[in-house]
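One structure is given below, encoded as structure tokens.
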Amino acid sequence: MKQHRSPYDSPATLWLIALVFLLIWFYMLGARTLVPTDEGRYAEMAREMVATGDWITLRLNGIKYFEKPPLQNWMNAISFELFGLGDWQARLWTGLTGLLGVALVGIAGNKMFSRRVGISAALVLGSSFYWAGMGHVNSLDMGLSGMFTIALCGLLLAQRNGASAVEQRNYMLLCWIGMALATLSKGLIGFVLPGGVLVIYSLLTMDWRLWTRLHMGKGLIVFFAITAPWFILIAMKNPEHPQFFFIHEHFDRFTSNVHKRGGAWYFFFPFLILGIVPWIGLLIQGLWTGTQDRNGLEKGFQAKKMLLIWAVFFFFFFSISGSKLPGYILPIFPAIALLIACYLEHASSRSIMIASLSFAALGVVGLAFVSKASGMGKLAYEIPLYQAYAPWLAAAAVLTLVGGILACLMARRPSVGKDWAVVILALSGYVAGQIAFLGHDPWGKYIAGTEHIPAIRAALLKADTPLYAVGRYEQALPFYLRHTLILVEFPDEMEFGLKQQPELWIPKLEDFVARWRADAASGKAAVAIVRTDIYEKFVEDKVPMRVIGQDPRRVIVSTILTTSATDTAPAGDQATSQSIQQPTTQVAK
Numbered sequence: 071m072k073q074h075r076s077p078y079d080s081p082a083t084l085w086l087i088a089l090v091f092l093l094i095w096f097y098m099l100g101a102r103t104l105v106p107t108d109e110g111r112y113a114e115m116a117r118e119m120v121a122t123g124d125w126i127t128l129r130l131n132g133i134k135y136f137e138k139p140p141l142q143n144w145m146n147a148i149s150f151e152l153f154g155l156g157d158w159q160a161r162l163w164t165g166l167t168g169l170l171g172v173a174l175v176g177i178a179g180n181k182m183f184s185r186r187v188g189i190s191a192a193l194v195l196g197s198s199f200y201w202a203g204m205g206h207v208n209s210l211d212m213g214l215s216g217m218f219t220i221a222l223c224g225l226l227l228a229q230r231n232g233a234s235a236v237e238q239r240n241y242m243l244l245c246w247i248g249m250a251l252a253t254l255s256k257g258l259i260g261f262v263l264p265g266g267v268l269v270i271y272s273l274l275t276m277d278w279r280l281w282t283r284l285h286m287g288k289g290l291i292v293f294f295a296i297t298a299p300w301f302i303l304i305a306m307k308n309p310e311h312p313q314f315f316f317i318h319e320h321f322d323r324f325t326s327n328v329h330k331r332g333g334a335w336y337f338f339f340p341f342l343i344l345g346i347v348p349w350i351g352l353l354i355q356g357l358w359t360g361t362q363d364r365n366g367l368e369k370g371f372q373a374k375k376m377l378l379i380w381a382v383f384f385f386f387f388f389s390i391s392g393s394k395l396p397g398y399i400l401p402i403f404p405a406i407a408l409l410i411a412c413y414l415e416h417a418s419s420r421s422i423m424i425a426s427l428s429f430a431a432l433g434v435v436g437l438a439f440v441s442k443a444s445g446m447g448k449l450a451y452e453i454p455l456y457q458a459y460a461p462w463l464a465a466a467a468v469l470t471l472v473g474g475i476l477a478c479l480m481a482r483r484p485s486v487g488k489d490w491a492v493v494i495l496a497l498s499g500y501v502a503g504q505i506a507f508l509g510h511d512p513w514g515k516y517i518a519g520t521e522h523i524p525a526i527r528a529a530l531l532k533a534d535t536p537l538y539a540v541g542r543y544e545q546a547l548p549f550y551l552r553h554t555l556i557l558v559e560f561p562d563e564m565e566f567g568l569k570q571q572p573e574l575w576i577p578k579l580e581d582f583v584a585r586w587r588a589d590a591a592s593g594k595a596a597v598a599i600v601r602t603d604i605y606e607k608f609v610e611d612k613v614p615m616r617v618i619g620q621d622p623r624r625v626i627v628s629t630i631l632t633t634s635a636t637d638t639a640p641a642g643d644q645a646t647s648q649s650i651q652q653p654t655t656q657v658a659k
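Yeah, the sequence shown ends on 659 if you go by the numbering used here, and it's all consecutive.
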């Protein structure tokens, strides 16, 4: 490593960093089991979209599911159509949108500020624990954040000082496209939140001329051309959709705790602090950089102030919402990455050293935690899972400690030592985060229940063998089994859909038991995934059943009380491959 040359000025070094980054990124898309709830839910919804051929009415477990718009399901379904069913295929869209965000902040930083800021912004965002982690989780939050990043970077590039009329128009249309796709990702926040940012920016800077440069006429045409067709089509096919989607899923969700996802005003602060690792030591300085953008109106657009307002307003909006989940603040990270990159351009070596030592300190905390991890299991079943996770956490903590110390030592060197320290922080933070995610897979398999898949497949003697979910709903197993469930007593998040299609479930436990007893008496095969307390009641009531799988979260039972290996042989790959081509909805009559 030549100390006299900055990695920022070495194309070979930058390409090598990008290659390592991409290899790890794409490998990790398929390295873990899909973890409930989100990953299993959105994989299964896309599978059912392909199986039924209906790309308008969204379904989960064969039941109408209107909580979110279709973009994520469309992209996942396209991935399944092109590459087949699988873990990495289910995460491909979120993986690509995460990479898109990294590329866009790099391009915007380069054009808005300097080449160095662009490179630093890409390094910061790509290595941030939350962004890199959520880029490998099949949830709506990363897809939404990627679309918001299109809108943010399009706005920045359109309004930047010196942009030509053609650039201003094209980048603003890109911004409108980003807002439209964000709306198709998660609803009205796709344009409400960027609109709020613009209003606040205008009030603080008194730059009302900005509104004349939004190309609103063309932008609205593009926006509605992208968003309106699906909203019209689904309302025509499902008249109940508009009220549920626009009122219940937006107004009620924001103003109340209807989904029981509330939290204190400080709910998101820990996720912000953890999410920006390894750059936690530069977070405050980066945000403060946004307050230093004091150009007068004669000097035009104040990009840093816009970035600060974007981050703060999004954070505040979700903090006052009645519904809170950790991934909601993910869209603020591209703005923060650009602000930290702006600070890094002029940061002193001392600042980089402090940030490096802060990162190293997290490694020390991690090692202290690992020593107690194996003793955290409260159930005998969980103890080996904690023990299996401990070495992975230890490896991540050691890499964090070593990377932080090495970056600190490098930052002390004159000339380009600071640049190498930034690169070391980015690489060690990124790899440590991915190691921690990879080590979680045994937990993911336990939560998803995938160890029971062979036994369940063996018990599903025919394609139409009923598979019940008694008192619980499994979010991942339907995808892996290629088989929908018949819900019993517990509607879970499908309550609204079941009101429209009550024939698709069994609301009373006693009705299920009567059917189960009849099937067992006649020798008809059926399988049920049962909540543990309900299973204990079944035992007391002497319900005929054979246990084919069990863990602390679930018990899997079959009506076939005695069987041979020949009788329970799985249908094989042929049945699995065919299942994606045919509707899988089972109707409970």
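Backbone N, C-alpha and C fix where the C-beta goes; we use that ideal spot for every residue, glycine too.
Note that the structure is predicted; figures quoted are calculated from it, not measured.
### Message
Report the start-end ranges of each alpha helix (DSSP H) in the segment 419–452 that is 4 residues or longer and not cut off at the edges.
### Response
419–443
### Query
So Val-617 is in the beta strand (DSSP E); what residue range does that whole segment cover?
616–621
### Query
Do the segment 517–524 and the segment 612–631 make contact, defined as three or more Cβ pairs closer than 8 angstroms?
yes
### Query
Should the segment 197–206 be called in touch with the segment 248–256, which here means at least 3 C-beta pairs below 8 angstroms?
no
### Task
May I ask you to verify whether the segment 159–170 touches the segment 394–405, counting CB pairs closer than 8 angstroms and requiring at least 3?
no
### Task
Would you list the one or two residues that DSSP bridges to Tyr-538?
Ile-556, Ala-598
### Query
Does the beta-carbon of Tyr-97 have 16 or more other beta-carbons within 10 angstroms, so that it is buried, or is it exposed?
exposed
### Task
Would you tell me roughly how many angstroms separate the C-alpha atoms of Leu-344 and Val-493, rounded to the nearest one?
19 angstroms
### Message
Taking the beta carbon of Gln-362 as the centre, do at least 16 other beta carbons fall within 10 Å, making it buried, or is it exposed?
### Response
exposed
### Query
Looking at the unbroken alpha helix (DSSP H) that takes in Ser-628, where does it start and where does it end?
First-last for Ser-628: 624–628, but that is the beta strand (DSSP E), not the alpha helix (DSSP H).
### For Lys-374, three-class secondary structure by DSSP
helix
### Task
Count the C-beta pairs between the segment 339–358 and the segment 171–187 that are closer than 8 angstroms, then say yes if the count reaches three, no if not.
no
### Message
Taking the straight line between their C-alpha atoms, what separation do you get for Gln-229 and Asp-79?
### Response
28 angstroms
### Buried versus exposed call for Lys-659 [16 or more other C-beta atoms within 10 Å across all chains shown]
Legend: pLDDT at Lys-659 = 28, less than 50; position of this residue unreliable, value from coordinates given subsequently. Under this definition Lys-659 is an exposed residue.
### Query
Who are Ile-576's beta bridge partners in DSSP?
Val-558
### Task
Mind checking who Lys-134 pairs with in its DSSP beta bridge?
Arg-129
### Task
Pull up the distance between the alpha-carbon of Thr-636 and that of Ile-523, whole angstroms please.
Residue placement at Thr-636 is flagged as unreliable, the pLDDT there being 33, under the threshold of 50; the coordinate-derived value follows with that caveat. Approximately 18 angstroms, taken between the alpha carbons.
### Query
How far does the alpha helix (DSSP H) with Arg-186 in it reach, from first residue to last?
185–197
### Task
Measure the beta-carbon distance from Gly-447 to Leu-455 and round it to whole angstroms, keeping in mind my assumption that it falls under 8 angstroms.
7 angstroms
### Message
If we define contact as Cβ-Cβ less than 9 angstroms, is Met-182 a contact residue for chain C?
### Response
Of the protein chains in this structure there is only one, and it is not chain C.
### Query
Considering Trp-358, what are the terminal residues of the alpha helix (DSSP H) in which it resides?
353–359
### Query
Which whole-angstrom value is the C-beta distance of Thr-127 and Lys-138, which I expect to be below 8 angstroms?
The Cβ separation is near 13 angstroms, so there is no contact.
### Message
I need the DSSP call for Ser-255, collapsed to helix, strand or coil.
### Response
helix
### Message
Considering just the uninterrupted stretch of the alpha helix (DSSP H) at Tyr-97, what are its terminal residues?
### Response
81–99
### Between the CA atoms of Asn-146 and Val-600 - distance to the nearest angstrom
29 angstroms
### Task
Alpha carbon to alpha carbon, how far is Val-269 from His-285? Give it in angstroms, no decimals.
16 angstroms
### Query
What residues in its chain sit with their C-beta under 6 angstroms from that of Tyr-241, if we drop five residues either side in the sequence?
Gly-224, Leu-227, Ala-228
### Query
Does the segment 573–580 come close enough to the segment 541–558 to have 3 or more Cβ pairs within less than 8 angstroms?
yes
#### Entry: Assumed close pair Leu-531, His-553 - CB separation to whole angstroms, cut-off 8 angstroms
No, Leu-531 and His-553 are not in contact; Cβ-Cβ is about 12 angstroms, not under 8 angstroms.
### Task
Since I believe Leu-408 is in contact with Val-175 (beta carbons under 8 angstroms), could you give me their beta-carbon distance rounded to a whole number of angstroms?
6 angstroms
### Task
Taking the CB atoms as reference points, tell me whether Ala-529 and Trp-462 lie closer together than 9 angstroms.
no
### Task
Taking only the alpha-carbon atoms, compute the straight-line gap between Lys-612 and Asp-603 and give it to the nearest angstrom.
14 angstroms
### Query
Anyone know if the C-beta pair for Thr-535 and Ala-502 falls short of 9 angstroms?
no
### Query
Thinking C-beta only, is Leu-130 closer than 9 angstroms to Met-115?
yes
### Terminal residues of the alpha helix (DSSP H) in which Met-286 lies
286–307
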